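Oh and the sequence shown: position 748 is 748 in my numbering, straight run, nothing missing. Idealized CB from N, CA, C, for every residue including glycine. Quick caveat, the model's predicted, so the values are computed rather than measured. Notes follow once the structure below has been shown.
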Amino acid sequence: MIKLNPNLIKVFLIEDNSIDALVILETFKNHNNVIIEHSRNLQDSLLILTKENFDIILLDLNLPDSSELNTFNIVNSKFPDLPIVILTHNNDEETVLKALQCGAQDYLFKKYYVNADELIKTFRYSIERKKLLIKHEQMENALRKSEMKYRQLIENMNEGIWVIDKDSYTTFVNPSMAKMLGYSVEEMQGKHLFSFMDKNGIAIANVNIERRKQGIKELHDFEFIRKDGSRIYTILDTSPIRDDNGNYIGAIAGITDITKHKQTEDALRKSEKNYRILHESMMDGFVQTNMSGKIVIFNRSFVAMLGYSDEEILKKLRYKDLTPEHWYSFELEIINTQVLPRGYSDVYEKEYIRKDGTVFPAELRTYLIRDASGIPEGMWAIIRDITERKNAESKHNELEKQYLQAQKMEAIGRLSGGIAHDFNNMLSIILGYGELLLKKVDRSNSMYNDINEIIIAGRRSIDLINQLLIFARKHKSVPQIIDLNERIKNSEKMMRRLLGEDIDFKFIKGADLWSVKIDPSHIDQIIANLAVNSRDAIIGVGRMVIETMNIVVEKEFCANHQWCIIGEYVLISFSDNGCGMDKPTMERIFEPFFTTKGELGTGLGLSTIYGIINQNKGFIHVDSEPGKGTTFKIYIPRCDEKPKIESDIILINESLKGTETILLVEDEEMILHICKLTLEKYGYNVIAVTKPSEAIALAKKNQSKIHMLITDLIMPDMDGKELSEIIKNLNPDMQVLFMSAYPDHTIGHLNILKEEFRFIQKPFSSENLLSIIRKVLG
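What follows is the structure, given as structure tokens:
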């Protein structure tokens with residue numbers, strides 16, 4: 001309500017006695033500066049007070065629905081800002097005195113009222129006195145808030161705070177400092193500084209204290225002794241404390257535990273002087289702004305983080321200028337949803353812009369500052385540069401990614417080993433029966449070539465198994481002398497399938513190409529990996545060209561091309577018109593796990609190619625530019641020998657026949673049967689069993705009659721190596737030949753791949769098996 005008369009006093013009279021009330025009402029009946037409203041009981045009075053505004057209350061303590069001090073307490077608790085004057089009889093002084101002690105402004109004895117002017121003076125005095133009391137109470141609340149704020153800062157900061165007096169006794173430590181040394185705050189309070197260090201530390205501290213007395217503030221390392229006797233390594237930012245006359249009265253230090261690489265927060269102290277010392281000693285940045293974003297206070301760490309001068313931050317910049325634009329909405333949401341509603345934010349991350357334009361990551365928590373009336377007037381934040389932590393996290397994530405990739409490849413390796421075993425067993429059966437069938441058909445028969453094609457397909461299927469093992473890095477390299485033109489030509493269908501219909505593929509064969517010695521499956525893998533890379537680099541329609549040629553790398557060429565080595569090579573060139581690569585990418589493409597394909601890439605394709613070429617004493621070079629495609633040039637050393645031309649027709653020399661007795665052990669019955677048929681066809685006496693226990697029993701009966709044991713390596717009851725040792729004890733002159741469909745990495749633990757052991761890998765041809773048997777038996 002707006003008062004038209006500034007001198008008007010609106011009085012609310014609560015009095016149940018009609019005569020007493022009438023006296024007061026009549027006193028002010030014709031008075032222009034006083035308006036009185038009257039109520040006879042407490043319940044109605046409280047309702048009126050909630051609806052209307054009054055300047056003062058005249059209160060009779062004894063009402064129909066309330067009595068004595070209880071009446072005052074109810075009214076005062078519900079309307080604490082209204083001055084109350086007690087109306088009482090002269091025989092109730094004790095109750096009046098209690099009311100005055102509880103907050104009543106004055107009292108009046110009934111039937112002894114003076115004139116209106118004297119009463120108005122009483123009213124005005126009570127009103128002014130109440131205002132002064134309210135203002136004083138607000139000031140005390142503001143002071144308590146301020147003290148609580150700075151106390152909260154110090155008590156909750158991670159950085160240790162330690163204050164000593166002029167004699168080096170501890171006058172204050174915060175909980176972080178006490179926890180750092182393994183004490184409680186109470187245990188450290190009053191103890192001498194030297195109680196927490198060894199003799200060497202005491203000598204250093206004495207020198208430092210003298211420097212404090214000289215007014216020197218400095219940052220230095222120091223070593224303390226914890227309560228449990230262990231040592232803690234810290235960084236101290238120490239400053240002297242002086243009284244108003246400039247006399248040394250002690251020192252204060254902000255202490256960071258660098259044993260665990262902690263950088264801790266500092267905060268403001270109760271007084272402005274100590275607050276400045278504290279926040280300047282912090283390792284983390286401190287900044288305070290008003291509500292419009294103008295920076296008003298900051299510490300040295302904040303300046304150091306950003307690279308600006310104090311003047312630039314205060315006069316030219318606002319807090320918003322230090323933040324990348326894409327962080328604006330995020331930080332505004334933090335302020336609106338956390339800082340303003342509850343006074344502080346959770347710890348969050350953002351970025352800041354340095355003076356030189358570079359950006360660094362930071363971790364911070366923002367707090368709200370309110371004035372005495374509770375209105376927000378600014379914000380402050382503790383800021384920590386987390387560049388090193390982010391770099392460490394990035395490195396950790398990269399290592400984790402590599403570890404997961406390695407696990408995935410290990411799983412693929414295990415899977416491929418099992419698949420290879422099953423496929424090799426099936427191929428053994430197909431090839432074995434195919435060769436036997438071929439022997440029964442005359443070459444003039446039209447079925448002869450059909451059967452031979454089955455055998456050829458079976459042999460080529462072996463290459464598929466080897467390619468699977470190569471991908472899983474479980475394939476043992478078997479270099480052969482090959483014609484690269486022929487090998488690439490055989491891979492042309494695979495290439496076109498990998499590249500897809502939108503990419504044109506062309507193969508330019510070099511004339512009179514030299515031979516090379518390399519595992520053929522390695523060439524298949526190189527072709528497949530580079531085809532996939534070209535496909536992924538080409539958007540839409542494109543082309544890929546493979547070209548072979550003989551090349552002689554001479555000394556003059558090497559002088560200008562440091563990546564090459566003098567010699568004669570067969571060059572394979574892989575070119576595409578894809579997106580190309582920039583120089584930083586080219587420098588890393590052969591690193592294991594480096595990929596530009598995100599989650600779709602393994603980062604192992606090119607590193608594997610590099611390893612293959614290096615293993616074969618060759619080298620690889622890449623030419624590429626963004627938008628201009630890529631060319632990989634692979635140099636493989638020339639081999640003077642010519643590739644062996646294998647006939648597709650199975651012809652076995654009669655010299656491979658024999659008459660010796662062979663104990664054949666194979667848990668796969670179909671393979672056992674085909675091997676038995678093959679050996680018997682060529683004259684051998686074969687004892688065939690599926691279980692090692694049966695083999696041992698037969699060996700005991702025929703100790704001197706068995707010339708050779710041929711056994712599968714991996715069997716359910718007993719491995720082949722253990723079986724051979726048992727039977728060799730019975731017949732030391734017996735020869736042993738191991739066989740297995742498992743790849744090298746699966747049977748490697750049995751140590752039978754060394755030269756002193758005879759081993760044949762499934763699937764094998766009849767010729768290979770018979771040749772090895774004759775070689776072993778002599």
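**Q.** Burial state of S740 (16 or more Cβ within 10 Å)
**A.** Translated into the one-based positions of the sequence shown, residue 740 becomes position 740. Burial call: buried.
Q. Which value, in whole angstroms, describes the spacing of the CA atoms of I9 and N32?
A. Along the sequence shown, read from residue 1 onward, the residue named residue 9 stands at position 9. Along the sequence shown, read from residue 1 onward, the residue named residue 32 stands at position 32. I9 and N32: Cα-Cα distance of roughly 9 Å.
Q: Can you tell me which of A142, I120 and E93 puts its alpha carbon nearest to the alpha carbon of G374?
A: Counting from 1 along the sequence shown, the entry for residue 374 is found at position 374. Closest option to G374, Cα to Cα, is A142.
Q: Find out if the Cβ-Cβ distance for the pair S573, K509 is shorter than 8 Å.
A: Indexing the sequence shown from 1 puts residue 573 at position 573. Indexing the sequence shown from 1 puts residue 509 at position 509. For S573 and K509, no; Cβs fall outside 8 Å.
Q. Which first and last residues belong to the beta strand (DSSP E) in which D576 is found?
A. Along the sequence shown, one-based indexing puts residue 576 at 576. First-last of the beta strand (DSSP E) with D576: G567 to D576.
**Q.** Proximity winner among Q105, T711, Q480 and D16, relative to P64 (alpha-carbon distances)
**A.** Along the sequence shown, read from residue 1 onward, the residue named residue 64 stands at position 64. That would be D16, whose Cα lies nearest to the Cα of P64.
Q) For the alpha helix (DSSP H) that contains T585, what are its first and last residues? A) As a position in the sequence shown, residue 585 is number 585, starting the count at 1. First-last of the alpha helix (DSSP H) with T585: K583 to M586.
(Q) Checking the sheet assignment: what are the DSSP bridge partners for E37? (A) Position 37 of the sequence shown, counting from 1, holds the residue named residue 37. Answer by DSSP bridge pairing, in chain order: F12.
Q. For H136, which three-state DSSP category applies?
A. Working through the sequence shown from its first residue, we reach residue 136 at position 136. Here H136 sits in helix by DSSP.
Q) With C-beta atoms as the reference, is L730 less than 8 Å away from K700? A) Counting from one through the sequence shown, the residue named residue 730 turns up at place 730. Counting from one through the sequence shown, the residue named residue 700 turns up at place 700. Yes; because the gap between Cβ atoms is below 8 Å, this pair is in contact.
(Q) Would G720 and D733 be called neighbours here (beta carbons separated by less than 8 Å)? (A) As a working note, residue 720 is residue 720 in the sequence shown. As a working note, residue 733 is residue 733 in the sequence shown. No.
Q) To which residues does DSSP link D60 through a beta bridge? A) The sequence position of residue 60 within the sequence shown is 60, counting from 1. Answer is L87.
**Q.** Per-residue burial, A787 [other beta carbons within 10 Å of its own, 16 or more giving buried]
**A.** No statement about residue 787 is possible, as the shown extent of the chain runs from 1 to 778 and does not include it.
Q: Please go through the same chain and pick out, in chain order, the residues whose beta-carbon is closer than 6 Å to the beta-carbon of D623, but skip the five residues on each side of it.
A: Reading the sequence shown from its first residue, position 623 is the one you call residue 623. The residues are T631.
**Q.** Three-state secondary structure assigned by DSSP to E767
**A.** Taking the first residue of the sequence shown as 1, we reach residue 767 at position 767. It is helical.
Q. Got a sec? Which residues, its chain only, sit under 7 Å from R535 by beta carbon, not counting five neighbours each side?
A. Position 535 of the sequence shown, counted from the start, is the residue given in the question as residue 535. The answer, listed in chain order, is L498, L499, G500 and I503.
Q) For I164, which residues of its own chain have a beta-carbon under 7 Å away from its beta-carbon, when the five flanking residues on both sides are left out? A) On the sequence shown, residue 164 is found 164 positions in, with the first residue counted as 1. T170, T171, L193, G250 and A251, listed in sequence order.
Q: Starting from the N-terminal side, write out each stretch of the beta strand (DSSP E) that is 3 residues or longer and does not extend beyond the stretch 510–546.
A: 515–518
Q: Go ahead and label Y569 buried or exposed: buried means 16 or more other beta carbons lie within 10 angstroms of its beta carbon, across all protein chains shown.
A: In the sequence shown, residue 569 corresponds to position 569, counting from 1. Burial call: buried.
(Q) Does G559 pass the burial test, meaning 16 or more other C-beta atoms within 10 Å, or should it be called exposed? (A) Within the sequence shown, numbered from 1, the residue matching residue 559 stands at position 559. The identity of residue 559 in the sequence shown is Ala, whereas the question assumes Gly. Exposed, since its Cβ has fewer than 16 Cβ neighbours within 10 Å.
Q | N- and C-terminal bounds of the beta strand (DSSP E) containing D385 | A | Stepping through the sequence shown from its first residue, residue 385 is reached at position 385. That run of the beta strand (DSSP E) goes P376 to D385.
Q.
My output table needs one value for A104: the three-state DSSP class, helix, strand or coil.
A. Stepping through the sequence shown from its first residue, residue 104 is reached at position 104. It is coil, neither helix nor strand.
Q: Pick helix, strand or coil for K262, following the three-state DSSP scheme.
A: Indexing the sequence shown from 1 puts residue 262 at position 262. Caution is warranted here: a pLDDT of 42 is assigned to K262, below 50, making its placement in the model unreliable, and the coordinate value is therefore given only provisionally. K262: coil per DSSP, three-state reduction.
(Q) DSSP three-state label for P361, please. (A) In the sequence shown, counting from the first residue as 1, residue 361 sits at position 361. Three-state DSSP puts P361 in a strand.
(Q) Could you compute how far the alpha carbon of M495 sits from the alpha carbon of L437? (A) Residue 495 sits at position 495 when you count from the first residue of the sequence shown. Residue 437 sits at position 437 when you count from the first residue of the sequence shown. So the alpha carbons of these two residues sit roughly 34 Å apart.
Q: Counting only the same chain and skipping the five closest in sequence on each side, list residues whose C-beta sits under 8 Å from that of H749.
A: Your numbering for residue 749 matches position 749 in the sequence shown. Confidence is the limiting factor: at H749 the pLDDT is only 48, short of 50, which leaves the residue's position unreliable, though a coordinate-based value still follows. Residues of the same chain with a CB within less than 8 Å of the CB of H749, apart from the 5 flanking positions on each side, do not exist.
Q) Hey, would you say T256 sits closer than 8 Å to E388, going by beta carbons? A) Residue numbering aside, residue 256 sits at position 256 when the sequence shown is read from its first letter. Residue numbering aside, residue 388 sits at position 388 when the sequence shown is read from its first letter. No, these two residues do not count as a Cβ contact at 8 Å.
Q: From the DSSP output, in three-state form, read off N115 for me.
A: The residue labelled residue 115 in the question sits at position 115 within the sequence shown. Here N115 sits in coil by DSSP.
Q | V207 versus Q189: straight-line alpha-carbon distance, rounded | A | Counting from 1 along the sequence shown, the entry for residue 207 is found at position 207. Counting from 1 along the sequence shown, the entry for residue 189 is found at position 189. Each residue's alpha carbon lies about 23 Å from the other.
Q.
I'd like the list of long-range same chain contacts for K681, defined as Cβ closer than 8 Å, with 5 residues on each side in sequence excluded.
A. Within the sequence shown, residue 681 is the residue found at index 681, counting from 1. The answer, listed in chain order, is L436 and K439.
Q. So is I612 in contact with chain D if we call contact Cβ pairs under 8 Å?
A. Here there is only one protein chain, and chain D is not present.
Q. What residue from D237, M139, F12 and L427 has the CA that sits closest to F764's CA?
A. By 1-based counting over the sequence shown, the position of residue 764 is 764. Here the closest residue by C-alpha is L427.
(Q) Once DSSP output is grouped into helix, strand and coil, what is the label at T323? (A) Counting from one through the sequence shown, the residue named residue 323 turns up at place 323. T323 falls in the coil class under three-state DSSP.
(Q) Considering just the uninterrupted stretch of the beta strand (DSSP E) at V736, what are its terminal residues? (A) As a working mapping, residue 736 is identified with position 736 in the sequence shown. Per DSSP, the unbroken beta strand (DSSP E) holding V736 starts and ends at Q735 to S740.
Q: With distances taken Cα to Cα, identify the nearest neighbour of K642 among G229, D512 and E325.
A: On the sequence shown, position 642 is the one that residue 642 refers to. Shortest Cα-Cα distance from K642 to any of G229, D512 and E325 involves D512.
Q) So, helix, strand or coil for D20, using DSSP? A) Along the sequence shown, read from residue 1 onward, the residue named residue 20 stands at position 20. When DSSP states are grouped into helix, strand and coil, D20 belongs to the helix group.
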